[in-house]
Ligand SMILES: C[S@@+](CC[C@H](N)C(=O)[O-])C[C@H]1O[C@@H](n2cnc3c(N)ncnc32)[C@H](O)[C@@H]1O
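Residue numbers (the numbering used here): 293 to 739.
Put into structure tokens, the structure is as follows:
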């Protein structure tokens, strides 16, 4: 790698020489640079045929076994993967080819498929890949800026908890729990900046990120002890599985079934009463034309109410791409992400599968679980209220401190990305207080 200064533009370019491209790295049209990493929450794509025929990116190797074809009388029928013109080298069972057989033609509800594909034993999030290598979130895009905002929020909570005490010094020991902590990027910054007595805890099915500060505890489930402080869930709820309903040709809502190996869908039976009731309240399909879809957020409501119920006193925060009652998308939002690209949502464990969140429904579930006050605001407003600004540095600084100027310019660009209402700034912040405290005053002022 070499750095080149273009004197005309006064800018550094980083040039990657071919000898520095790691062996096995994908090259050609499938390669994306860091700046091209797809942001989650963009509009979903329609699955094109032959979708696994990526030219250079290494893919898992497999042979498909059609469900129900493996009788004792006839051996399983193998077919190559998804009709690729040149299937991946199939030395089955070798270290470079760990997946040898997939069941195809097994039809399951989307919720079951998502659960298995993401957090099942062979699930996407239990593999080597960390979120940062597959898509861009607010946290991976700007861990320092998000951490600075979370620190201000944490201090608000600390003040509120201290305020009710006769002697607020030295203050109660407090928790900061990051649910769905991913690669630990946010906790890594907070471990450097928050005082030692703050108990930091990452919760994720993924393994503990290497190099994470020893003071950060890590577990696959929310700690048993009552949390006092702040629990946050950045882009976690969108991975909690959803079932999908679709209006059939007869005008009746049906459960959508999916083949986990291919992403093909078919309509199943009618909805169970709990799902129908959830849709009736949160995503009505009444009178909708055939083909209209809805993503049933019941499991998300349960996940959120579980998180809320673990907090004894403090604030809970969920940040995600969301939709409200008045603007549910008629064709749904299921999408997949892999290695920096948006891909069809095939729940086979090879990619992230996600759907936008009905945060308003989660809010009500949170209230049922004990939340006292609620704010549902846009990330742009929340971050601005917490001190994030995208002010460009004074141009005079460029002469006196060129490097400092470039750094400040870069920071302003990153902040602008977080505050952009058509992108990350448009994400929803669901903030709820639990126990004896109210919401931080600054959330009363965001709209
Ligand atoms: C989209 S990533 C977000 C990571 C990080 N918060 C960020 O914003 O960059 C979602 C994370 O939630 C985790 N996750 C999903 N379902 C989970 C579950 N049931 N229990 C614990 N972690 C889960 C995944 O492993 C993944 O790391």
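All residues carry an ideal CB built from backbone N, CA and C; glycine is no exception.
These numbers were taken from a predicted model, which means no experiment stands behind them.
Not one heavy atom of ligand 1 sits closer than 7 Å to the Cβ of residue 613.
Relative to the non-hydrogen atoms of ligand 1, the Cβ of residue 423 comes within a distance shorter than 7 Å of at least one. The continuous alpha helix (DSSP H) containing residue 660 extends over residues 651–660. Within the segment 672–727, the complete beta strand (DSSP E) segments of 3 residues or longer fall at 720–726, listed in chain order. Shortest gap from the CB of residue 535 to any heavy atom of ligand 1: 7 Å or more. Annotation: residue 451 to residue 469 spans about 18 Å, alpha carbon to alpha carbon. Between the segment 694–711 and the segment 571–581, the count of C-beta pairs closer than 8 Å stays below three; the two stretches do not touch.
Annotation for residue 466: no beta strand (DSSP E) segment contains it, and DSSP assigns it neither H nor E. As the crow flies, the alpha-carbon of residue 489 is around 33 Å from that of residue 696. The way I'd put it, the segment 671–680 does touch the segment 433–444; three or more beta-carbon pairs between them come closer than 8 Å. For residue 720, the shortest separation between its Cβ and any heavy atom of ligand 1 does not lie below 7 Å.
Look at residue 410: its beta carbon is less than 7 Å from one of the heavy atoms in ligand 1. Here residue 494 is buried, its C-beta having at least 16 other C-beta atoms within 10 Å. Segment contact: the segment 478–487 against the segment 549–568, fewer than three CB-CB distances shorter than 8 Å; contact not assigned. Looking only at 686, 601, 637, the smallest Cα-Cα distance to residue 655 is reached by 601. Under the 10 Å beta carbon count, residue 420 is surrounded by fewer than 16 other beta carbons and is classified as exposed.
Of all alpha-carbon atoms in 615, 598, 436, the one lying nearest the alpha-carbon of residue 519 is that of 598. Look at residue 442 here: in three-state DSSP terms it is helix.
Closest by C-alpha distance to residue 722, out of 711, 659, 622, is 659. If the five residues before and after residue 637 are omitted, its C-beta is found closer than 6 Å to the C-beta atoms of 626, 627, 628, 645, all from its own chain and listed in chain order. With a threshold of 16 other beta carbon atoms within 10 Å, residue 617 falls short and is exposed. For residue 497, the distance from the CB to the nearest heavy atom of ligand 1 is below 7 Å. Annotation for residue 545: the continuous beta strand (DSSP E) segment containing it runs 545–550.
Just so you know, the alpha carbons of residue 641 and residue 410 end up roughly 6 Å apart. Bounds of the alpha helix (DSSP H) holding residue 425 are 423–426. Of the residues 613, 476, 538, 726, the one whose Cα lies closest to the Cα of residue 503 is 476.
A straight-line Cα-Cα distance of about 7 Å links residue 593 and residue 653.
The residue among 673, 554, 648 with its C-alpha nearest the C-alpha of residue 536 is 648. Rounded to the nearest whole angstrom, the C-alpha separation of residue 405 and residue 412 is 9 Å.
Going by C-alpha positions, residue 735 is about 46 Å away from residue 542. A distance of 8 Å or more separates the beta carbons of residue 585 and residue 517. Note on residue 438: 16 or more other CB atoms within 10 angstroms of its CB, so buried under the neighbour-count rule. Exclusion of the five residues before and after residue 407 leaves 533 as the residues of its chain whose Cβ lies within less than 7 Å of its Cβ.
Here residue 589 has 534, 570, 574, 575, 649, 650, 653, 654 as same chain residues with Cβ atoms under 8 Å from its own Cβ, once five neighbours each way along the sequence are excluded.
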